[in-house]
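Engineer: I'd like to ask some things about the structure below.
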Amino acid sequence: MLIGGQQVLAQKVKSAPFSYLPEQGEDRYNQRVPHKTLALADGSGFVILAHQSGSTYTVERYDNALKKQWSTTLPIAPGETVEAFGHSPEQAWVVLHHADESGQNLTAQPVGLVGGQKGASVVLITAAAGERRPSVRISPDGTRLLAFRYATRDEQVRSLVGTLYDQKLTKILDRTYDFRDQGDFFSPNILLANDGTQYVTLLGDNMRKLTARRYPPTSDQIGVPTPILVMGVPVGGVFGGQPITIRDAKFSLLPDGQLYAAALCANYNTGDLTSLKVVRFDFATSSLKLAEELPFAPAYLAEASKATGAEVKRLSDIYLADMLLSENKNLVIVAERHFEEGGPEQPVHARELHVFGYSAFVTPTWHLIVPKDQVAPAIDSYTGIGFRAGVFGDEVQLLTLETLNNKPDLYLRRIQSRTGVLSAPQRLKLNVANDQQLAYVKDFTTWLDSKTIINLSRPNKKAALQLNEIKLK
């Protein structure tokens with residue numbers, strides 16, 4: 176259906192009042208909890224984590240009719256911040272980071288999904304006051320948690336010390352991840368699988384190599400070394416006399432059980448992005464697949480110029496945002512160009528999406544440059560711009576807040592993962608306010624299924640935020 180030249184999606188919308196206080200963290204580039212609405216695996220609804228005041232959060236459960244089932248208040252003490260949010264089949268998890276002069280710790284607060292009852296909190300890990308902030312990982316199904324701290328020397332990470340827990344917060348194992356064999360420049364991270372397997376990812380060799388190590392979910396046996404599998408591949412180096420290094424990288428465990436990595440490579444001397452490189456690590460066969468390089472050559476710059484309507488002489492300010500796997504194992508990688516005008520009180524911008532499609536054999540098959548023009552006031556930071564993505568069968572859905580044809584609203588695009596066919600943006604007709612005040616919080620956007628979207632928005636200048644359930648027809 177077209178209204179005023181704009182395609183409008185047929186739908187049914189339910190709304191409910193919602194209370195939320197924007198969070199003003201120290202680092203608005205790296206949100207610790209970017210997903211605050213989580214769909215329940217059994218299809219019975221969703222849970223939400225909402226900041227209510229400087230000293231309280233709430234965890235709330237809603238059913239599929241947008242009816243609130245319960246609400247549980249979590250007090251936040253001075254020196255505490257929320258580190259992570261997730262859920263298992265039985266309970267939601269809120270992990271708090273506490274820091275004071277005596278030290279730091281991460282504490283898990285379980286909340287029962289049936290009635291919202293708070294369980295006994297458990298200290299997952301402790302760290303000294305002067306150490307780096309400890310971290311936690313929650314497996315996709317919420318049945319495993321891994322908390323870890325950094326051991327450094329001369330400000331360089333030398334090892335990670337972690338503890339693995341099951342969904343009852345019972346300790347499974349303690350483990351040290353040693354990096355003494357690495358050089359001085361590498362960036363370690365950990366991904367956690369549903370069975371507790373730990374994947375340590377590294378950007379090593381002076382930001383030129385992608386490496387992954389797999390650690391089993393079982394404790395070491397006396398006299399038997401832990402069977403650690405290691406695979407790595409160089410993606411940087413000197414090419415044509417130019418030094419090429421990794422500018423941005425992303426590792427993801429995807430539904431096929433495989434570990435994927437994508438790297439945006441750049442000329443070290445100029446900072447210009449030169450190519451995208453993609454790797455699939457198959458630990459079951461101890462093999463990896465390095466996809467054919469996708470160069471950002473003049474032909475690609477010409478495509479970007481045509482898509483955006485402005486000449487693109489070089490690629491910069493582009494960051495990897497998401498990796499998605501379709502039902503037929505087509506891989507879709509989404510990168511986004513975003514930047515600030517300057518200073519924490521200035522608006523932030525998100526421009527075009529660069530979307531890349533790969534076959535089940537990790538062969539590049541298509542790419543798209545999707546123009547968009549998003550500006551968010553400082554109060555929104557990166558929670559008001561960017562996109563949310565969901566994959567259903569072989570279709571990827573992208574949801575953005577934009578102003579198209581003078582209509583500020585949420586817009587849905589659909590991409591066929593096998594062919595890269597892109598639909599026109601479809602307006603959800605929520606009439607999102609456009610007055611440079613808090614109007615949309617991306618963190619609360621999720622899908623319950625391919626035709627049901629949950630989000631948080633403000634429909635006009637006078638109204639408060641409201642929780643929406645959108646049923647697509």
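In our numbering, the protein residues as written are 176 to 648.
The beta-carbon is built from N, C-alpha and C at its ideal position, and this holds for glycine as well.
Since we're looking at a predicted model, the values are computed, not measured.
Is the separation between the beta-carbon of Arg-355 and that of Arg-333 shorter than 8 Å?
Structural biologist: yes
Engineer: Under the DSSP definition of a beta bridge, which residues are partnered with Val-410?
Structural biologist: None; Val-410 has no bridge partner.
Engineer: Please identify the residue among Lys-626, Gln-373 and Ala-326 whose C-alpha is closest to the C-alpha of Leu-339.
Structural biologist: Gln-373
Engineer: Per DSSP, Lys-189 forms a beta bridge with which residues?
Structural biologist: Glu-644
Engineer: Whole angstroms are fine: how far does the CA of Thr-386 sit from the CA of Arg-238?
Structural biologist: It should be pointed out that residue 238 corresponds to Asp in this sequence rather than to Arg. The alpha-carbon atoms of Asp-238 and Thr-386 are separated by roughly 42 Å.
Engineer: Assign Lys-384 to one of two classes, buried (16 or more other C-beta atoms within 10 Å of its C-beta) or exposed (fewer than that).
Structural biologist: In this structure Lys-384 is buried. Its beta-carbon is surrounded by 16 or more other beta-carbon atoms within 10 angstroms.
Engineer: When DSSP labels each residue in this structure, what does Lys-481 get in the three-state scheme?
Structural biologist: helix
Engineer: Measure the alpha-carbon distance for Lys-547 versus Glu-577 and round it to whole angstroms.
Structural biologist: 7 Å
Engineer: How long is the line joining the alpha carbons of Leu-434 and Arg-207, rounded to whole angstroms?
Structural biologist: 22 Å
Engineer: Between Val-298, Thr-345, Gly-294 and Pro-402, which has its C-alpha nearest Arg-319's C-alpha?
Structural biologist: Of Val-298, Thr-345, Gly-294 and Pro-402, the residue nearest in Cα terms is Thr-345.
Engineer: In this structure, what does DSSP give as the bridge partners for Glu-235?
Structural biologist: Ile-223 and Ser-246
Engineer: I'd like to know if the stretch 537 to 551 and the stretch 577 to 597 are in contact, where contact means that at least 3 CB-CB pairs between them fall below 8 Å.
Structural biologist: yes
Engineer: Can you tell me which of Gln-266, Leu-428 and Ile-421 puts its alpha carbon nearest to the alpha carbon of Gly-446?
Structural biologist: Ile-421
Engineer: List the endpoints of the continuous beta strand (DSSP E) containing Leu-339.
Structural biologist: Its beta strand (DSSP E) spans residues 331 to 341.
Engineer: Using DSSP with H/G/I as helix, E/B as strand and the rest coil, what is Lys-504?
Structural biologist: coil
Engineer: Report the three-state DSSP secondary structure of Asp-618 (helix, strand or coil).
Structural biologist: helix
Engineer: How should Ile-403 be labelled, buried or exposed, when 16 other C-beta atoms within 10 angstroms of its C-beta is the threshold for buried?
Structural biologist: exposed
Engineer: Return the CA-CA distance between Leu-377 and Phe-361, expressed in angstroms with no decimal places.
Structural biologist: 6 Å
Engineer: On a Cα-Cα basis, can you pick out the residue from Ser-230, Arg-307 and Pro-315 that is closest to His-262?
Structural biologist: Cα-wise, what sits closest to His-262 is Pro-315.
Engineer: Which one of Thr-327, Lys-504, Leu-299 and Ser-625 has the shortest CA to CA distance from Ile-347?
Structural biologist: Leu-299
Engineer: Please determine, among Glu-467, Leu-366, Leu-448 and Thr-393, the residue with the shortest C-alpha to C-alpha distance to Pro-418.
Structural biologist: Here the closest residue by C-alpha is Leu-448.
Engineer: Give the secondary structure of Leu-344 by DSSP, where H, G and I count as helix, E and B as strand, and everything else as coil.
Structural biologist: coil
Engineer: On the DSSP letters alone, give me the boundaries of the beta strand (DSSP E) that Lys-384 sits inside.
Structural biologist: 384 to 390
Engineer: Report the rounded CA-to-CA distance for Leu-603 versus Asp-584, giving the unit in angstroms.
Structural biologist: 7 Å
Engineer: Could you please give the first and the last residue of the uninterrupted beta strand (DSSP E) stretch that includes Asn-630?
Structural biologist: Boundaries of the beta strand (DSSP E) around Asn-630: 627 to 632.
Engineer: Would Leu-241 pass as a contact of Ala-191 if the rule is Cβ separation under 8 Å?
Structural biologist: At a Cβ-Cβ threshold of 8 Å, Leu-241 and Ala-191 count as neighbours.
Engineer: Could you tell me which of Gly-415, Leu-463, Ala-474 and Leu-495 sits nearest to Leu-439, measuring between CA atoms?
Structural biologist: Leu-495
Engineer: For the beta strand (DSSP E) containing Glu-520, list its first residue and its last residue.
Structural biologist: Taken as a continuous stretch (DSSP letters only), Glu-520 belongs to no beta strand (DSSP E), as it is neither H nor E.
Engineer: Leu-500 and Leu-597: beta carbons closer than 8 Å?
Structural biologist: no
Engineer: Return yes when the C-beta of Asn-442 is under 7 Å from any heavy atom of the ligand HEM, and no when it is not.
Structural biologist: Among the ligands in the structure shown, none appear at all, so the ligand HEM cannot be discussed.
Engineer: Where does Thr-401 fall in DSSP's three states?
Structural biologist: coil
Engineer: Which whole-angstrom value describes the C-beta separation of Gln-284 and Pro-309, a residue pair presumed to lie in contact below a C-beta threshold of 8 Å?
Structural biologist: Contact flag wrong, Cβ pair sits at about 16 Å.
Engineer: Just confirm the distance between the C-beta atoms of Trp-268 and Ile-313, as a whole number of angstroms; I'd bet it's less than 8 Å.
Structural biologist: 6 Å
Engineer: Assuming Val-509 contacts Ala-564 (C-beta within less than 8 Å), just tell me the rounded distance between them.
Structural biologist: 6 Å
Engineer: What does DSSP give as the partner residue(s) for Arg-350 in the beta ladder?
Structural biologist: BP columns for Arg-350 point to Gly-337.
Engineer: Which two residues bound the contiguous beta strand (DSSP E) that contains Gln-611?
Structural biologist: Note, Gln-611: premise wrong, no beta strand (DSSP E); not H, not E.
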